Amino acid sequence: MYTLHTMPSTAGMAPHILLREIGAEHELVFLERAKEEHKSAEYLALNPNGRVPTLVDGDLVVYESAAICLHLCDRHPQAGLAPAVGTQERARFYQWMAWLTNTIQPDMLVYFYPERYVPAAACADLKTVAEGRLHLQFQIADATLADRPYLLGETYSAADAYLFMLARWSRNMTLKARDLPNLGHFLERVYARPAVRAAFVAEGLEAPYF
0 MYTLHTMPST AGMAPHILLR EIGAEHELVF LERAKEEHKS AEYLALNPNG RVPTLVDGDL
60 VVYESAAICL HLCDRHPQAG LAPAVGTQER ARFYQWMAWL TNTIQPDMLV YFYPERYVPA
120 AACADLKTVA EGRLHLQFQI ADATLADRPY LLGETYSAAD AYLFMLARWS RNMTLKARDL
180 PNLGHFLERV YARPAVRAAF VAEGLEAPYF
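Going by numbering that gives the first Met the number 0, the first residue of the sequence shown is number 0, and it counts up by one from there.
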């Protein structure tokens, strides 16, 4: 059985969704941010970065959301959440996963935690810049989805769960991912999946969902 250490509505959402898509037996351990449980000695022994999520798979401990997603795809190829290894489609899958984690997600960190990068007086301006960059990035996803239901075409993959998670984080921004026509329909499509709805219920999330 897997154990996923996470917090609601964080980077643990994509792995959480995949566990449900796979139908794998799992336990969710929700850490309390207010109590800084992610900084406890017990948790730091699992993940020295003090961040979520962390997956425990027997004797194996994996952290970083994308790494967990890739591990789950490899452990459960029958779930069809990633194309076969060695194919062109698999290469494209890697491209999307890397783009989501290395391009969109870092700008999300800048938007939500500007104080980590600049003095307080410059935080508002930095958030504006980050939001503009994110909007341009979501436009790329929107253009890709103009002629297909999912990033890889007709087949839903772990990359779609990851894009859904990141796009959801824009729900309270001025420039929302859901307002882009193709991406908006994509978010509705992914949210309609039973595994996604079940993850939202388990995490206790309320509208707006994305």
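A virtual CB, placed ideally from N, CA and C, is assigned to each residue, including glycine. Note that this is a predicted model, so its numbers are computed, not measured.
Here's the rule: buried if 16 or more other CB atoms are within 10 angstroms of the residue's CB, otherwise exposed. What is Tyr-116?
Walking along the sequence shown from the start, residue 116 turns up at place 117. Exposed is the call here.
Specify the secondary structure class of Glu-205 as computed by DSSP and reduced to three states.
For the purposes of this step, residue 205 is identified with residue 206 of the sequence shown, where counting begins at 1. Three-state DSSP puts Glu-205 in coil, outside helix and strand.
Pick out whichever of Ala-158, Glu-202, Leu-133 and Glu-31 has its Cα sitting closest to the Cα of Leu-179.
As a position in the sequence shown, residue 179 is number 180, starting the count at 1. The shortest Cα separation from Leu-179 among Ala-158, Glu-202, Leu-133 and Glu-31 belongs to Leu-133.
Pick out whichever of Phe-29, Val-28 and Arg-89 has its Cα sitting closest to the Cα of Thr-154.
Start at 1 with the first residue of the sequence shown, and residue 154 comes out as number 155. It is Arg-89 whose Cα lies nearest to the Cα of Thr-154.
Does DSSP classify Gly-152 as helix, strand or coil?
Indexing the sequence shown from 1 puts residue 152 at position 153. In the structure shown, Gly-152 sits in a strand (DSSP, three-state: E or B).
Start and end of the beta strand (DSSP E) containing His-75?
Within the sequence shown, the letter at position 76 stands for residue 75. No beta strand (DSSP E) holds His-75; DSSP gives it neither H nor E.
Considering only residues of the same chain and omitting the five flanking positions on each side of Ile-16, which have a CB-CB separation below 7 angstroms?
Position 17 of the sequence shown holds residue 16. Correct list, in chain order: Ala-160, Ala-194, Val-195 and Ala-198.
Evaluate contact between the region 80 to 100 and the region 34 to 45, counting only Cβ atoms and requiring at least three cross-stretch pairs below 8 angstroms.
no
Quick one: what's got a C-beta closer than 6 angstroms to Arg-177's C-beta in the same chain, skipping five residues either side?
Mapped onto the sequence shown, residue 177 falls at position 178. Excluding residues within five positions, the ones whose Cβ falls inside 6 angstroms are Gly-183, Leu-186 and Phe-209.
So that I know if they touch, is there some Cβ in chain D lying closer than 8 angstroms to that of Pro-14?
The structure shown contains no chain D; it is built from a single protein chain.
For Leu-54, which beta-bridge partners are listed by DSSP?
What you label residue 54 is simply residue 55 of the sequence shown in a count that begins at 1. The partner list for Leu-54 (beta bridge, DSSP) reads Leu-3 and Val-61.
Looking at the secondary structure, which residues open and close the alpha helix (DSSP H) in which Leu-162 lies?
Against the sequence shown, residue 162 aligns to sequence position 163. Where Leu-162 is concerned, the enclosing alpha helix (DSSP H) stretches over 157 to 167.
Report buried or exposed for Pro-207, applying the criterion of at least 16 other Cβ atoms within 10 angstroms of its Cβ.
In the sequence shown, residue 207 corresponds to position 208, counting from 1. Exposed, because fewer than 16 other Cβ atoms sit within 10 Å of the Cβ of Pro-207.
May I ask which residues mark the beginning and end of the alpha helix (DSSP H) holding Leu-30?
Your numbering for residue 30 matches position 31 in the sequence shown. That residue, Leu-30, is in no alpha helix (DSSP H); it is neither H nor E in DSSP.
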